[in-house]
Each structure stands twice: as C-alpha cells, then as structure tokens.
Amino acid sequence: MKDPKARLDSLRADIERRNPAQPEFHQAVREVLETLAPVFAARPEYAVPGLVERLTEPERQIIFRVPWQDDRGVVHVNRGYRVEFNSALGPYKGGLRFHPAVDIGVVKFLGFEQIFKNALTGLGIGGGKGGSDFDPRGRSDAEVMRFCQSFMTELHRHIGEHTDVPAGDIGVGGREIGYLFGQYRRITNRWEAGVLTGKGTGWGGSAIRPQATGYGSVLFAAEMLERKGAKLEGRSAVVSGSGNVAIYTIEKLLRVGANPVTCSDSEGYVVDDKGIDLELLKQIKEVERGRISEYAARRGPSARFVRGGRVWEVAAEAAFPSATQNELDADDARTLIRNGVKTVSEGANMPTTPEAVRLFQEAGVAFGPGKAANAGGVAVSALEMSQNAARTAWSADRVEEELAGIMRDIHATCHDTAERYGAPGDYVTGANIAGFERVADAMLAQGVI
Numbered sequence: 001m002k003d004p005k006a007r008l009d010s011l012r013a014d015i016e017r018r019n020p021a022q023p024e025f026h027q028a029v030r031e032v033l034e035t036l037a038p039v040f041a042a043r044p045e046y047a048v049p050g051l052v053e054r055l056t057e058p059e060r061q062i063i064f065r066v067p068w069q070d071d072r073g074v075v076h077v078n079r080g081y082r083v084e085f086n087s088a089l090g091p092y093k094g095g096l097r098f099h100p101a102v103d104i105g106v107v108k109f110l111g112f113e114q115i116f117k118n119a120l121t122g123l124g125i126g127g128g129k130g131g132s133d134f135d136p137r138g139r140s141d142a143e144v145m146r147f148c149q150s151f152m153t154e155l156h157r158h159i160g161e162h163t164d165v166p167a168g169d170i171g172v173g174g175r176e177i178g179y180l181f182g183q184y185r186r187i188t189n190r191w192e193a194g195v196l197t198g199k200g201t202g203w204g205g206s207a208i209r210p211q212a213t214g215y216g217s218v219l220f221a222a223e224m225l226e227r228k229g230a231k232l233e234g235r236s237a238v239v240s241g242s243g244n245v246a247i248y249t250i251e252k253l254l255r256v257g258a259n260p261v262t263c264s265d266s267e268g269y270v271v272d273d274k275g276i277d278l279e280l281l282k283q284i285k286e287v288e289r290g291r292i293s294e295y296a297a298r299r300g301p302s303a304r305f306v307r308g309g310r311v312w313e314v315a316a317e318a319a320f321p322s323a324t325q326n327e328l329d330a331d332d333a334r335t336l337i338r339n340g341v342k343t344v345s346e347g348a349n350m351p352t353t354p355e356a357v358r359l360f361q362e363a364g365v366a367f368g369p370g371k372a373a374n375a376g377g378v379a380v381s382a383l384e385m386s387q388n389a390a391r392t393a394w395s396a397d398r399v400e401e402e403l404a405g406i407m408r409d410i411h412a413t414c415h416d417t418a419e420r421y422g423a424p425g426d427y428v429t430g431a432n433i434a435g436f437e438r439v440a441d442a443m444l445a446q447g448v449i
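Start counting the sequence shown at 1; every next residue gets the next number (the working numbering).
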C-alpha cells in the first residue's frame, strides 16, 4: 500500500457517510483507524482490499420492537437492538444495555469496541452488543420482568452458546439477567446455561463476575504504574459512577491499599474525605437502588454531595472513569493533570474524549483505554462460558487468579505491541493494533465471508 493513511482516511469518510447521525460509532472507528497506518506499512498482507472494510461493517444488525405493560396496564413500546459485529474469533460476545440513550449508533460503537477488547483476552470470543432504550430506573420488579420477557421473546431467535452470548451492561444486572434467562428457558425448553453470562452463582454463574470489570480496571492501572516503578497503594483515587463497575473498582482499590474518595450519578457526585464507605454505598445502590445523594446524608460530616458537579474536580493521583461514554472531556483532563494525576484507567467504554486522551498522553499520564483496562468483565464472562460447558463451578480464588493473569497478559500485550510499532507507553495504540492483528489474522485465514 503506497499511502496507508490516505486509504484509511478515505475509508473513515466513507463509513461516516454510510452511517449518518452515529457520532459514537464514528468516534470509535476513527480512534482505531488512526493507529493502523504503521501496521499496514509493516504488514502488507493486511492491505488486501476489503479486510478493514469488512471489519468495520457489522455481520448482522437486528432491530425489533419490545411491547410491554406497566403495573397500571398501560402498553409501552421500546426498541430492542443486537449488533453481531464480528465472529472471526468465536461466538459474538457482549453485553445488553438498558438506558434511554441507547440507539443503533451507540450499540454499534459498543460492538465495535468489543471486537478488539475480546480479542485482547485471547479467549476465543467475537464481538457484539445489544440493548434497548428502556429505562429500568423507577420501574417495579414486575415491570422489569415483563419487559425482559418481551425482549427475550424476540432476542432468543438470534442467540445461543455457539452463536451469540449476551451479558449485562448499564441497566442490566443480576435481576435482569435472571428474567431474561428464565424466558429463554421457557421458550426453548432447554437448560442452555452458556447462552447468557452474568447469571447467579447458584444457577450457572461464575464467582466474581459482578466484580470483574472493576477489579480488572484496577489491576490494569497497577500494571501501568509498576512499569513506571510506582504502586497504587497509598494513592488517592477518583471514581465516577455508582453502578456495578464503580462499586467494584472502589472495592478493589480499598483491597490494594488505595483511597477512593468519590462516586457519582447523573445528579452529581459525592466526595468523602475519609474514603468511600463501601458497605454503605452497596446498601444504597445495590439493595435500595437509591440515589448517590443519600450516601452523603447518611455518611456524616466527612462526606458531601455536589449537585451537578464534575467528579474530576476532586484532586487525586489516580482516576477511574466508570460511568459512561465521553464523560471525561479536555477541560476535565486539564484539571486532573493540574492536580497531579498519575494514571487513568477506563472502567467504562470510551469514557474519555479523544482530546482528553491526547492531553493525558502528552502529560505523561499512564492511560489505560477501555478496550484493554475494562476487559476483565468479558474475560470472566468467557470463563463462565467455560464452566458452563464443563458443567462445573470454579472457586472465587481460582477465578480471581485467572482474572489477574489475563489482565497481566493484556497489559503486556498492549505494552509490547506499542513498543514494537514505535509508540512506547501508548496503550491506546498498543491495544488497537494487538486486537486488530488477532482478528485480521483470523479473517484472512477464513476467506472473504
């Protein structure tokens, strides 16, 4: 290829033309394509016409209506989505997100990211994602159950343990996975445990699956710091979000001796000078499904709630964006850098804007992109699939040991790949290229399909 950059720029423009009004998908594709020019120059076999074009076009996009009744008998109609993006390495694997902001562009961005994230785990899983614009907040258990049953009534046609294996994501936790699995079992008359991951440990789920994404993000940050001769222990940390990923990021930070001082939701953030009280946070968010402002009201004088504030205003040495996409922008990055941040590890998917990423890299901040740093969740999902296939259950210690090894391997792969392509310390480049190489090799071997 004479001019790899020109071809990639042309491809990106064509993708944006053919996929209008999908800014998140455009952003995800742009981030990957911008790092691939040196790969094409060094590996001309990847320049074969159509390879990258196939990689950036989903194998299948499914959109369906989801009618359901609320507790008053009123009928609502939501949209359901499943984008089965790439299966070169294994069955499609990726979560379901229930949130009002979900649309086809969001699902495609998540599915595209998932291709590379899953490839980095080395566990033989392809990339996919799904969800709905349904909002479970404020809905009764019965309403959530009826929605999930309606959603699965359509989705079941498209999934299976050797085809497509969904999991949870924002708005889809253990409750929702239970209702979805129950409906799948009722419709198919099969106990096919491997069709969904994130199940309860008493009926096919894996130990530490709820903790895995947050734990993995902390493990990745620790690996990045270790390469610089530093540790997480004793460092203050800001964490955004208060869902599953944020809670278990906080838990793991406490376990390694760091001091997480924040959490947040859509109303604002809490800063706790004594460090987040994990049990109180779990009680409010996991048991009561309450708002984060309640934490400050019940914690006492060490905690305060800042309504509408930016959690990144709080000074800390480590940052863990763990809520949603594009939550940390360039101004936030400048604030964090000014306040002495040493590492940023993405627990959410693409939570940092491209300009903010550039600022962190220019400032020498160790930056872990989501496709690498938050791969712990899907890694343990794949381990859950292995346990389901063998009809066995591993101990929590074994799963946690496996997770730690996988995160070390992902870090080493990203670090070494970046160095191989002349970008030492650039984990974004390392993750993109390493994931691309693994998927591209499989696609080339399997022919034009």
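Beta carbons: idealized from backbone N, C-alpha and C, even for Gly.
As DSSP reads the structure, Asp441 sits in no beta bridge. With a minimum length of 4 residues, the unbroken runs of alpha helix (DSSP H) contained wholly in the segment 366-424 fall at 370-373, 376-390 and 396-420.
Per DSSP, Gly174 is not a residue of any beta strand (DSSP E); the alpha helix (DSSP H) it occupies stretches across Gly174 to Thr188.
Taking C-alpha positions only, Arg235 is separated from Ser386 by approximately 36 Å. Within the same chain, no Cβ atom closer than 6 Å to the Cβ of Phe436 is found once the five residues on either side in sequence are excluded. Between Met152 and Gln183 a beta carbon distance of about 4 Å is seen, short of the 8 Å cut, so the two are scored as contacting. Three or more Cβ pairs closer than 8 Å define a contact, and the segment 400-408 falls short of that threshold against the segment 333-342.
Listed as beta-bridge partners of Ile208 by DSSP are no residues whatsoever.
Here the alpha carbons of Ala356 and Ala379 stand approximately 27 Å from one another. Lys274 sits in coil when the DSSP states are folded into three classes, being neither helix nor strand. Counting only runs of 3+ residues, the beta strand (DSSP E) found wholly inside the segment 127-182 occupies 164-168, in chain order. Closest in C-alpha terms to Ala28, from the list Ala363, Met350 and Thr413, comes Met350. Contact annotation: the segment 294-301 does not touch the segment 315-324, with fewer than three C-beta pairs closer than 8 Å. Exposure of Pro424 is indicated by the presence of fewer than 16 other C-beta atoms within 10 angstroms of its C-beta. Within the same chain, Gly160, Glu161, Tyr184 and Arg185 come within 8 Å of Glu192 by CB-CB distance, once the 5 residues on both sides are set aside. The beta-bridge partner set that DSSP reports for Thr262 consists of Val271.
In the structure shown, Asn19 falls within a coil segment according to DSSP collapsed to helix, strand and coil. Within the same chain, and ignoring the five residues on either side of Val106 in sequence, the residues whose Cβ sits closer than 7 Å to its Cβ are Glu24. Residue pairing by DSSP places Ser236 opposite Asn259 in a beta bridge.
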